[in-house]
Each structure stands twice: as structure tokens, then as C-alpha cells.
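In this note's numbering, the protein residues as written are -6 to 729.
Below, the structure is given as C-alpha cells:
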């Protein structure tokens, strides 16, 4: 497989010599500074600061309030309203306030006081995020109810134990054991809910510090998005394509975003679907940026029941909308025709190969004819360039099945340079779309299918994710990794920026992952199968966020790459009996740059494998993910991002090598690095091990849902999912 030619990049005299695998870079679009309310300014002497009085712009209205009255409300009895969410990007850098705004919930909240210095370089210090505590006058009634129930349950168990049924002792003992187990699980579930919190992110401050600089380029860290698909027959290709399009169109610099699709079945139709998706993204991504549309999944956007022209003021929007709608319909037709197109192409080329074999048979001597007769021609699957597909064939053959095939890495799109020519896209029908005002570049899209061979355990989903982790480190090496299922499309284009507010804040160095709630659509009001799972995502996860952090729910989660590598957090302390105890760890698990103890290459070879590009990327991943320091170096408040070179053929070849089936042998991959093997619910054990190392996590609930998916209303699927979750709970108990 030959990847696309490498894209030109912008050279930089400030590029440090690190010997690291580079990342494509182009100049980001220029962001205009939103206006502030009357009487407010951005200087450190006046308004728009959080110290005295704050303006919160909601829905075109201005609300004035103090820090003591700003907050959120959580209904811990399960009747919580979904409006109690953190602030989204509608607050700019000037509309900064001390707590949650008027639209964020009810009640007042106490704000965490660890906010850094008041002033830096003559300007008011404004953190990127805040932790808003729920007031005690709201929580105390619930706490009283919980303790009352615990008292009643203890008295009930005491009565049950003291009154033995002598006629059926074994039945009595079994029932008492079950009752004790149910009481214990209920108490363990309720205890975290006694200290829930809300969180607030300030995207306006993020833009001001990382994108408004004299160099004219974004200094945000890179993000690698992982999307996994198993079988196109079970997971429709159109759904996967929409998820990829929503990721590529997210509000994040194109040169800092990379999307990797893992195809577990290694089918050619999935690759050609992604090729069509990359082609359509050249229209869809600039259209989303130009008109700021939401959501950015074309299937959901064009299927909205509301007026598509609402809040649109550009005179060319109607023409662009109609043109994109027509192009998207053509795109869907091409996707529907791909399976039949591949089948007809393969039949034609296989017939041509058979004719050539017959011609050679007639020209050969007797001995060669006997050899040709014994040789059976395989019914291969052919690519568009008339070569054999390296993955699974339509007619399975040796080395070409879903469980036995070569590793494949194909680059489908790349940002084309630092100074793109923003020209209109002409079409045969004479219509065009003007993209001169936006960045028309599409983020990097890579198709990956890890190698599978007989005798090697592929470890299913966890193995595929670890293969993506290594391939992305070699090619783009984004310090943060976002994992999505193929049906979880981006519903809020600002979600990535909101997660960055927590990750690179001055208090975010110990954060291993950001968990977003799982939101579903297409569920009726009754929700008889509890597909929304509101109690878990609206109550329990908020309670866990008040402790060490929420659990990893399996999808909609952004990781710190260095945490996935199995390293300890920079400040790993265990609180034991009100004393801070330093914990001794092996050298290959300690933080790299914070403690300045780089282990030898021999230890890393045993831990990460023998890929030198992969090993060289580890130090850079930690450096890029370092949180925002108190004393900024320059206007952005962050060290300049290391400039990267173009993607080369050597990187692609190395990526194919690290996704091979034998790469993980004699390493700690899957046993201390990456997603953990040996569990049906690998995500629960993976998150648990991160917490066990001392990392924390954050539960991020944007004002607008970050991701959404469609859940089929089916009793069989619901029961299967319940069994899956129950198995995950047992895995938590037996995991070490």
C-alpha cells in the first residue's frame, strides 16, 4: 500500500532538535475577538474579571452576579435536570465569571480556591477551568436520607441475623448473604454521591492564550482521535462515515487534529468508504467552519426537523446549503454502490487472470502443465489500482480472511501546507462555494488494520486500540487521545476545546482522562429499557468526580497519552491516615521530565518494543502535554509547541511494523502499557489501573452534549448490554 505523498510544511527557526517523529503543521484560521459588554475591558484594572463583579452573557441577555451566587444544582435523587451542566464556548474571554452561570443550574456553588496567582505580567490571572462545589444546604437533606436508610438497613440485618429459621437454615443463610451483599453494594454506590461537584471550562480564555499570538498560529496541543469498527455488516458504513466527518469538522486546528480508523475486519469496502469520506470532507469541513453549523454530522444536520436557516445571516448560506445537500446525497449513493462495485471489479479482474493462466497453460510443456493444473487460482479481491487487497477477501483464502491478514496503514488525507490557497470549489454544474474566509484544510485521516495471524491472540478491541496507540505515536504523536465508537458522532464541535481546558490547566498535570457522558437519541419518552441511564451519568459519575474521578465508561473519553503508557503522574502521593507517604516505583514507570530520570533504552525496549521512532516519541508526548504554568513564557502562557515536519514514507513503514501481530511479544503492552488485556470490559480495568497509579480523572458535562449516538430499542440488545456491564463489575472486583 502506497500512502499519499507527504505534504509541505512551514519551516521554523525555533524548532528544537529532538529527533522526534514530526507532525504536519499549517497556519490556523484567524479568530476574531468577541466584543465585551459595555464598560468592560480586557485589561487587568477593570471589568471582565472574576475578582469582583462578573458578566455572564446567556441568550443575548446580561446577568450580573457575584461569586457567591454562581453555581449549579445536582438532584441526587435521580430527578436531576440535564440543564445543570458546565459552561460552554458561548462565554468569551471577557465574559468570565466565578461559578456556573444562570443557565448552568440552580442554587449557589462554592468555587475551588486553588486558582494560582492573582496577576501575571500585569494581567489578571484567569484559569482555564474551575471546580464548583454543590452547596451543603442542597446536599444535607440527601445525606440525611442516606444515613437514615443505612440505619434502617443495619437494624434490619441485625434482626435477620438474630432470628434464625431453624426449619430451613440453608435457605435462611443464603437469603441473609444476598441481603448483606445488596446492602453493601447500595452503600458503596451511595457514598460517592454525598460529595458531588460540577466543573466549569472557559474556552474563551483558552483561545486567548493559545491562539491569539504574534506568530499567527495555534499553540494548542495535538489530539489523535481513535474510532473503531468491527464489521461493516453489523455497523453501517454510513454511520461510521458520519462519525469520521464530524470529527474532521470539529472546531480544532486542522494541523493539530488526526483521525485514525481501526478496521477489525480488514475489508476493502471500509477503506474505500473512508476514501470517499476524505473526498467529501474537502467540502463538508470548510462548510461547517464557514457557517458554524451544529451538529457537524451531515446525516443528523440535514435530518434536523427545525428550520436549517435559523440564526444564519450570510446571504450565500442558502446556496451553500443546497449545494452541500445535493453533494451529500451523491455521497450516500456512492457509498451504497461500493459493495457491488468492488464485487464487479474483482470478478472482471479475476476472469482476466484466469484467461492469462489458460494462455500460459497452452504455451507450456507437459511438466509445467501438470504444475499449473495442480495450482488453484484464488478468487481475489482487487483494489481500484488493479492490485490484490492485502486484507480480507470477499472469497476467503489463505492469508486473506478476517482472522488472518497482513497489517495495513493507509493515509487518506493530510493538511496540504501552511499557506493554503483558499479557492472556490468549482463543479460541473457551474455552482461553487467560496472558502476564502475559512481554513479549507482537512485534518489527517488514516485507515489502520492491525495484522492478524494464526497462533497470535489479537486481544480484540484492546489489541486494536493498542495498535492505534503505537501507529499514531509514530505518525502524529498527539499528546492527547480521544476514543470514540463508530456510532458516537461529535454533537458539539467545541467539545475538544473544553476538554483541553481541563487537561492543560495549571492543575491538570495529574489528570489521566476526561470522561464525557454517553447521550443517546432516537429513544422515546418512556425509555422502557433505560437506554439513557440517567442515574449513572447524571448522578453517580458526578459523585465520583468529587473524589478521585469518574470511571472510564468505554467511549467518549480523552486520555493523556503518557498515562496510557503506564507512567506515574508528576505528583504521585497517597494520603494514608492524614500523612503523605511517598510511594516507590520502578524507573520505567516514573514521570519522565518532572523528575529528570530518563530510564535507559534497554528498559524501554522491554516495555514498549523495538521501534525507535516509537521510543523517541514518548518524551515529546509528555513535553507537549504539560499543563499551563503559572508564569507564562510569552503572551500565550505556554511554551511554544514543537514544530513538526511532514509525514514521510519511513513513518508509514514504521507504523505498519508496530501494528504487526508479533510486535507485542516480550513487552508490557496490554499488561502495563495501553489498554489492559484479559478482560471482556477492558475499559473498566484500564481506568482502574490508572487511578491505582495515582492519576485522577474529570467528568466533563458541556452545556451542549459533546457526543451522541442512536441506540436501537430492542430487548435482546438491552439484556446483552446489561450482562456486559455486570461482567465489568465482576472484573473490577477481581482485577489487581
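Don't be surprised by glycine CBs; every beta carbon is placed ideally from N, CA and C. Predicted model only: the values in this text are computed from it and were never measured.
(request) With DSSP collapsed to three states, give me the class of residue 403. (result) Within the chain shown, numbered from 1, the residue matching residue 403 stands at position 410. DSSP places residue 403 in strand when its eight states are reduced to three.
(request) Since I believe residue 487 is in contact with residue 215 (beta carbons under 8 Å), could you give me their beta-carbon distance rounded to a whole number of angstroms? (result) If you number the chain shown from 1, residue 215 lands on position 222. If you number the chain shown from 1, residue 487 lands on position 494. Between residue 215 and residue 487 the beta-carbon gap is near 17 Å, outside 8 Å, which marks them as no contact.
(request) Entirely within the segment 176 to 208 and at least 3 residues each: give me those beta strand (DSSP E) ranges in chain order. (result) 190 to 194
(request) Going by CA-CA distance only, name the one from 511, 266, 544 that's closest to residue 228. (result) On the chain shown, position 235 is the one that residue 228 refers to. Ranking the options by Cα distance to residue 228, first place goes to 266.
(request) Buried or exposed for residue 308, please, with buried defined as at least 16 other CB atoms from any protein chain shown within 10 angstroms of its CB. (result) Working through the chain shown from its first residue, we reach residue 308 at position 315. So residue 308 ends up on the exposed side.
(request) With a floor of 3 residues, list each beta strand (DSSP E) that falls wholly inside the segment 626 to 706, ordered by position along the chain. (result) 689 to 692, 700 to 703
(request) Buried or exposed for residue 112, please, with buried defined as at least 16 other CB atoms from any protein chain shown within 10 angstroms of its CB. (result) Here residue 112 is taken as the residue at index 119 of the chain shown, counted from 1. Only weak support exists for where residue 112 lies, its pLDDT of 49 falling under 50; the value from the coordinates is given anyway. Answer is exposed; the Cβ neighbour count stays below 16.
(request) Pull up the distance between the alpha-carbon of residue 66 and that of residue 159, whole angstroms please. (result) Counted from its first residue, the chain shown places residue 66 at position 73. Counted from its first residue, the chain shown places residue 159 at position 166. Reliability of the predicted coordinates at residue 66 is poor, the pLDDT of 33 falling under 50, and the value obtained from them is presented with this limitation in mind. Straight-line Cα distance between these residues: approximately 51 Å.
(message) Using a Cβ-Cβ distance cut-off of 8 Å, determine whether residue 258 contacts chain D.
(response) Within the model displayed, chain D is absent; a lone protein chain is all it includes.
(request) Would you kindly report the start and end of the unbroken alpha helix (DSSP H) that includes residue 476? (result) Reading the chain shown from its first residue, position 483 is the one you call residue 476. Not the alpha helix (DSSP H): residue 476 falls in the beta strand (DSSP E), residues 473 to 478.
(request) Along the alpha helix (DSSP H) that carries residue 376, what are the first and last residues, could you check? (result) Position 383 of the chain shown, counting from 1, holds the residue named residue 376. Where residue 376 is concerned, there is no enclosing alpha helix (DSSP H), given that its DSSP letter is neither H nor E.
(message) Tell me the DSSP secondary structure of residue 154 in three-state form.
(response) Here residue 154 is taken as the residue at index 161 of the chain shown, counted from 1. Reduced to three states, the DSSP call for residue 154 is helix.
(request) Tell me, please, which residues DSSP counts as bridged to residue 221. (result) The residue you call residue 221 lines up with position 228 of the chain shown. In the DSSP assignment, residue 221 forms a beta bridge with 255, 478.
(request) Can you grab the Cα-Cα spacing for the pair residue 118 / residue 552, in whole Å? (result) Counted from its first residue, the chain shown places residue 118 at position 125. Counted from its first residue, the chain shown places residue 552 at position 559. Near 27 Å, if we compare the C-alpha coordinates of residue 552 and residue 118.
(message) At the level of alpha carbons, what is the spacing between residue 623 and residue 535?
(response) Here residue 623 refers to the residue found at position 630 of the chain shown. Here residue 535 refers to the residue found at position 542 of the chain shown. Bear in mind that the predicted position of residue 623 carries a pLDDT of just 43, short of 50, making it unreliable; the figure below should be weighed with that in mind. Taking the straight line from one Cα to the other gives about 28 Å.
(message) Would residue 561 and residue 686 be called neighbours here (beta carbons separated by less than 8 Å)?
(response) The residue labelled residue 561 in the question sits at position 568 within the chain shown. The residue labelled residue 686 in the question sits at position 693 within the chain shown. Yes, these two residues count as a Cβ contact at 8 Å.
(request) Specify, as a first and last residue, the run of the beta strand (DSSP E) that residue 504 falls within. (result) Here residue 504 refers to the residue found at position 511 of the chain shown. Residues 504 to 508.
(request) Grab me the residues of residue 154's own chain with a C-beta within less than 7 Å of its C-beta, minus the 5 sequence neighbours each way, in chain order. (result) Along the chain shown, one-based indexing puts residue 154 at 161. 169, listed in sequence order.
(message) Please state whether the Cβ-Cβ distance between residue 220 and residue 247 is less than 8 Å.
(response) By 1-based counting over the chain shown, the position of residue 220 is 227. By 1-based counting over the chain shown, the position of residue 247 is 254. For residue 220 and residue 247, no; Cβs fall outside 8 Å.
(request) Determine the contact status of residue 185 and residue 539, defining contact as a CB-CB distance below 8 Å. (result) As a first step, residue 185 must be located in the chain shown, where it is residue number 192. As a first step, residue 539 must be located in the chain shown, where it is residue number 546. Residue 539 is positioned such that its CB atom lies closer than 8 Å to that of residue 185.
(message) Within 10 Å of its beta-carbon, does residue 479 have 16 or more other beta-carbons around it, so buried, or fewer, so exposed?
(response) Taking the first residue of the chain shown as 1, we reach residue 479 at position 486. By the neighbour-count rule (16 or more Cβ atoms within 10 Å), residue 479 is buried.
(message) Between the segment 230 to 249 and the segment 373 to 387, can you find at least three pairs of beta-carbon atoms closer than 8 Å?
(response) no
(request) Could you check the C-alpha separation between residue 718 and residue 441 for me, to the nearest Å? (result) Here residue 718 refers to the residue found at position 725 of the chain shown. Here residue 441 refers to the residue found at position 448 of the chain shown. Between the alpha carbons of residue 718 and residue 441 lies a gap of roughly 28 Å.
(message) In the DSSP output, what is residue 441 paired with across the bridge?
(response) Counting from one through the chain shown, the residue named residue 441 turns up at place 448. According to DSSP, which records beta bridges pairwise, residue 441 is partnered with 255, 402.
(request) With distances taken Cα to Cα, identify the nearest neighbour of residue 469 among 610, 494, 519, 703. (result) Here residue 469 is taken as the residue at index 476 of the chain shown, counted from 1. The shortest Cα separation from residue 469 among 610, 494, 519, 703 belongs to 610.
(request) Whole angstroms is fine: what's the gap from residue 138's alpha carbon to residue 681's? (result) Mapped onto the chain shown, residue 138 falls at position 145. Mapped onto the chain shown, residue 681 falls at position 688. Using only the alpha carbons, I get a separation of about 30 Å.
(message) Using DSSP's beta-bridge definition, name the partner residues of residue 397.
(response) Counting from one through the chain shown, the residue named residue 397 turns up at place 404. Paired residue(s): 394.
(message) So, at 7 Å on beta carbons, what are the nonlocal neighbours of residue 704 in its own chain, with the 5 sequence-adjacent residues on each side left out?
(response) Translated into the one-based positions of the chain shown, residue 704 becomes position 711. Only 513, 515, 516, 524 meet the Cβ criterion.
(message) On a Cα-Cα basis, can you pick out the residue from 374, 350, 295 that is closest to residue 332?
(response) Position 339 of the chain shown holds residue 332. Ranking 374, 350, 295 by Cα distance to residue 332 puts 374 first.
(request) May I have the straight-line CA-CA distance separating residue 329 from residue 613, to the nearest angstrom? (result) For the purposes of this step, residue 329 is taken as the residue at position 336 of the chain shown. For the purposes of this step, residue 613 is taken as the residue at position 620 of the chain shown. Distance between the alpha carbons of residue 329 and residue 613: 42 Å.
(request) Starting from residue 493, follow its DSSP beta bridges and name the residues at the other end. (result) Looking up residue 493 in the chain shown gives position 500. Partner(s): none; residue 493 has no beta bridge.
(request) Compute the Euclidean distance between the alpha carbons of residue 166 and residue 143, then round it to the nearest angstrom. (result) Here residue 166 refers to the residue found at position 173 of the chain shown. Here residue 143 refers to the residue found at position 150 of the chain shown. Approximately 21 Å, taken between the alpha carbons.
(message) Please identify the residue among 658, 688, 502 whose C-alpha is closest to the C-alpha of residue 615.
(response) Along the chain shown, read from residue 1 onward, the residue named residue 615 stands at position 622. With distances taken between CA atoms, residue 615 lies nearest to 502 out of 658, 688, 502.
(message) Output needed for residue 395: all residues of its chain with C-beta closer than 6 Å, excluding positions within five of it in sequence on either side, in chain order.
(response) On the chain shown, residue 395 is found 402 positions in, with the first residue counted as 1. Closer than 6 Å at the Cβ level, and outside the excluded window around residue 395, lie 258, 385.
(message) Quick check: residue 490 and residue 196, are their CB atoms within less than 8 Å of each other?
(response) Mapped onto the chain shown, residue 490 falls at position 497. Mapped onto the chain shown, residue 196 falls at position 203. Yes. Within cutoff.
(request) Can you tell me the Cβ-Cβ gap for residue 522 and residue 666, rounded? I've got them flagged as a contact below 8 Å. (result) Working through the chain shown from its first residue, we reach residue 522 at position 529. Working through the chain shown from its first residue, we reach residue 666 at position 673. Contact flag wrong, Cβ pair sits at about 37 Å.
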